[in-house]
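Remarks on the structure that follows.
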Amino acid sequence: MSPSKVSTIKFDEFYNIIDGEQRSSKNQHHGIDPTTGEESWGVPIGNQQDVDDAVVSAQKAFEKYRYTTLEKRKELLQRYVDAFNSHSEEMVELLCKETGKPKQFAQMEVGGVAAFIGHHLSLDIPEDKLEDDEKVITTRYFPLGVVGAICPWNFPLILSLGKMAPALLTGNTIIIKPSPFTPYTTLKAIEIAQEIYEPGVVQVIGGDDKLGPLLTAHPGIAKISFTGSIATGKKIMAACANTLKRVTLELGGNDASIILPDVDVKKIAPEVVMGAFQNSGQVCVATKRIYIHKDIYDEFLQEMVNFTKTIKTGDSNSGSLLGPVQNKMQYERVKGFFEDTKAKGYKIAVGADTVPSGNGFFITPTIIDNPPNDSRIIQEEPFGPIVPTQPWDDEEEVIRRANNTNTGLGACVWGKDEKHAEAIAKRLEAGSVFVNSFEKPTPQAVFGGHKESGIGGEWGKDGLKAYCNAHVIHLYKQK
Ligand code: NAD
């Protein structure tokens, strides 16, 4: 069998990719361009038949692909990176259109694909050996089978191909489901993969809200890797219980950032702002609560305000730092935090007390000065450009406050005394804690949440095991 051939890649026609072929549907839906509020191209809505066909194809491909060598899998992934990169300009344009991201950040995401896959190319699948007088115990990690990847809309490329790389490296086959809000770049990225891979190794099905449950229910899928909200994560885990699928859940967070009194205020304040507002706050590990030591509270907040005033919001090509939020549902959700702030009379340090109305989903970045602990903006994840600050003066108390949440995805500690900052970092209940940096997830380390922020983790060498069954041979020596 040779790699399937789809016709020349066109960036204004979109298909599901099943068994190496483009497949359309008479049922179509449209993403909405968040900059203008207008409909983008039609994309097919996948159904039960599409899922069944994709699973059969993936199972068939698995029987061969599972026995490819690691070297071969790396060679194919490298060829995929080269093929993907040959379309990087079109990908940047498409990503801008579907997410509204400023061009420089779309370029970073598209460029990040090579970096993410590239790091995986440096990894080996773990193998452990233990020997005593009577036996040798060898633990190997074998692929699970067909993986279903269910993805969100905030980083559509990195978060889907960030599942594809470890799944394929470990010998699985994969069916990717992009978010209905951002299907375009993922559909094209997987269409490109057909130049490299045999039919069924990597497939993509887009659709509506009914599609995800078809994947979680399917008995032919061995594992679901999900990135998205906590509420959906719980539904996915419940659905996967029926067939005892493996699950990795990468869910939401409410990251705390603790600022120690010895920081260089002018240097650090803008970075903390970026940690909160990067990608218009639509980052699972964005800083969502900021705790500033009382001795520097006013000065630090003022520097944050000064920097926030310089942030330009606009369309992808306007040289702005922030774009719109990605969709109407999210825009309405974030609007709720503004309404709550206004209704309760919390103090706005900078920004607006309401979201602008208009065709695009633009929101002015806003900092709320010292709202109470039980306020919605402290308790919940807004996933938009609005963030609260609070003062603190007792280290034990602020650690408790930071940990006082049902989530535990990321956190930050900022301080000149690195040892001191790291000691605090160790006590924060979160999967990834950043010291003297805002949250910057990397493929070099496993990424996952504590508490309701998730189950398991992926990326890094430990993340490979999430796509494997452990397989142990106990070999007794024949003397
Ligand atoms: P979401 O949970 O609404 O949707 C995510 C995906 O799940 C979509 O593809 C959607 O179609 C699908 N889905 C919805 N209902 C389903 C069901 N019942 N069964 C199966 N699939 C279903 O999340 P979102 O709004 O796209 O993303 C934003 C959330 O994701 C935020 O909470 C954010 O913090 C979180 N997130 C987490 C990470 C992480 O790595 N931990 C990364 C990015 C985003």
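Take any residue in the sequence shown, note its place counting from 1, add 3, and you have its number in this note's numbering. Cβ atoms here follow ideal geometry from the backbone N, Cα and C, with glycine treated the same way.
Less than 8 Å between the beta carbons of residue i and residue j, yes or no?
i	j	result
Asn175	Gln285	no
Ala61	Gln206	yes
Phe119	Ala192	no
Ala272	Phe310	yes
Ile153	Phe229	yes
Leu126	Ile199	no
Gly209	Ile178	no
Ile381	Arg292	yes
Leu97	Phe14	yes
Thr102	Pro37	yes
Ile427	Glu398	yes
Gly23	Gly203	yes
Gly121	Val84	yes
Gly231	Pro155	yes
Asn257	Glu335	no
Asn19	Asp53	yes
Arg76	Leu171	yes
Gly459	Gln447	no
Take residue i and list the residues in its own chain whose beta-carbon comes closer than 6 Å to its own, dropping the five residues that flank it on each side.
i	result
Gly457	Leu252, Glu253, Leu254 and Gly451
Gly411	Glu432, Ala433, Gly452, His453, Lys454 and Ser456
Gly115	Ile161
Asn376	none
Gly148	Phe65 and Ala225
Gln110	Val95
Ile233	Leu254, Gly255 and Glu455
Met4	At Met4, the pLDDT of 44 sits below 50, so the modelled position is not reliable and the matter cannot be decided from this model.
Val438	Val416, Ala424, Glu425 and Ala428
Lys132	Thr141
Short of 8 Å in beta carbon distance, which residues of its chain neighbour residue i, apart from the five on each side in sequence? Order them along the chain.
i	result
Glu302	Val268
Lys315	Ser321, Gly322, Ser323, Leu324 and Leu325
Val475	Ile140, Thr141, Thr142 and Arg143
His33	Glu42, Ser43, Trp44, Gly45 and Val46
Ile295	Ile262, Phe303, Leu304, Thr392, Gln393, Pro394 and Trp395
Asp211	His32, Ile48 and Pro183
Ile35	Glu41, Glu42, Ser43, Phe184, Asn330 and Lys331
Val266	Ile299, Phe303, Trp417, Gly418 and Lys419
On the three-state DSSP scale, how would you describe residue i?
i	result
Glu24	strand
Arg379	helix
Pro216	helix
Ile370	strand
His221	coil
Glu461	strand
Asp131	strand
Arg82	helix
Leu478	strand
Ile179	strand
Ser435	strand
Pro273	helix
Gly164	Going by the sequence as given, residue 164 is Leu instead of Gly. Helix.
Ser43	strand
Arg336	helix
Ala244	helix
Asn472	strand
Enumerate in chain order the residues of its own chain whose CB-to-CB distance from residue i is below 7 Å, with the five nearest sequence positions on each side excluded.
i	result
Gln81	Leu124
Ile128	Leu73, Tyr144, Thr173 and Leu467
Asp135	none
Val276	Met307, Phe310 and Thr311
Pro264	His296, Asp298 and Ile299
Gln51	Leu217
Can you find a C-beta in chain B that's less than 8 Å from the C-beta of residue i?
i	result
Asp258	Of the protein chains in this structure there is only one, and it is not chain B.
Return the Cβ separation of residue i and residue j in integer angstroms, given the expectation that the two are a contact with Cβ distance under 8 Å.
i	j	result
Ile17	Tyr187	Correcting the residue identity first, residue 17 is Phe in this sequence and not Ile. Confirmed, Cβ separation roughly 6 Å.
Ile12	Glu194	6 Å
Pro146	Tyr470	7 Å
Thr367	Gly387	Not quite, the Cβ-Cβ distance comes to about 11 Å (not below 8 Å), so this is no contact.
Tyr436	Gly413	In the sequence as displayed, the identity of residue 436 is Val instead of Tyr. That pair is a contact at about 7 Å.
Lys480	Glu130	Going by Cβ atoms, the distance from Lys480 to Glu130 rounds to 19 Å, so no, they are not a contact pair.
Phe341	Asp356	7 Å
Asn282	Lys104	7 Å
Ile48	Ser27	The Cβ separation is near 10 Å, so there is no contact.
Val337	Val308	Actually they do not touch by this definition, with Cβ atoms about 20 Å apart.
Lys422	Ser378	Contact flag wrong, Cβ pair sits at about 34 Å.
Ala117	Asn88	6 Å
Lys213	Ile227	The pair is not a contact, with the Cβ atoms about 16 Å apart (cut-off 8 Å).
Ile371	Ile389	7 Å
Kindly confirm or deny that the segment 214–223 and the segment 403–419 touch, where touching means at least three C-beta pairs closer than 8 Å. no
Taking three-plus beta-carbon pairs below 8 Å as touching, is the segment 441–451 in contact with the segment 288–306? yes
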